[in-house]
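Visitor: Here it is, the structure, as structure tokens.
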Amino acid sequence: MHNQQIPTDGSNQHRDAAFQPDSGLLEALTPLQGNERIRHLLKCFGLRTSLVRLKVIDALLTAAGNDRRLGVRGMHSHLQALDIPLSFLSVREVLKRLCSEGVVVLNSDKSYSLHPQAEAVLVGQIEA
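Take the sequence shown: its letter number 47 is residue 46 in numbering that gives the first Met the number 0, and every next letter is one higher.
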């Protein structure tokens with residue numbers, strides 16, 4: 000009889016039921032990196048993770064790190080330059096949704112930036 004819980008990739012590895020995670024490893028992973036911290040941010044604000052949201056927030060973080068601000072057109076151009084095939088309308092709608100949920104703010108110069116509360120979540124100061 001075939002057991003569906005056993006991997007069929009030819010591997011005969013068995014997992015020990017008494018496995019205890021290494022607490023040092025967990026502490027090392029505590030500061031979330033890359034997409035994981037963006038996923039955490041979206042979860043804190045009650046939003047699902049999507050590729051478009053990940054890319055838009057990552058672009059905002061990159062722009063902020065370079066002391067730049069991006070509007071919808073700048074965001075779209077930035078993503079196109081990275082070979083990320085998102086339509087202008089998709090980028091605009093994601094930015095509008097992120098604004099309405101309080102993750103992103105629309106500045107007076109029509110550029111977007113992360114809300115201070117979202118920045119605090121990213122650096123681990125608060126849980127939204």
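Note that CB positions come from ideal geometry on N, CA and C, so glycine has one too.
Any chance the stretch 47-54 sits against the stretch 73-88, with 3 or more Cβ pairs inside 8 Å?
Guide: yes
Visitor: Just how far apart, CA to CA, sit R68 and Y111?
Guide: Looking at the two C-alpha atoms, the distance is approximately 7 Å.
Visitor: On the DSSP letters alone, give me the boundaries of the alpha helix (DSSP H) that L50 sits inside.
Guide: L50 to G64
Visitor: Quick one: what's V103 bridged to in DSSP?
Guide: According to DSSP, which records beta bridges pairwise, V103 is partnered with L113.
Visitor: To which residues of the same chain is L121 closer than 7 Å at the C-beta, ignoring the five residues directly before and after it?
Guide: R36 and L40
Visitor: Starting from V71, trace the alpha helix (DSSP H) in both directions and tell me its first and last residue.
Guide: Annotation for V71: the continuous alpha helix (DSSP H) segment containing it runs V71 to A80.
Visitor: Taking C-alpha atoms, which residue in N106, Q79, S99 and S107 lies nearest to F44?
Guide: It is S99 whose Cα lies nearest to the Cα of F44.
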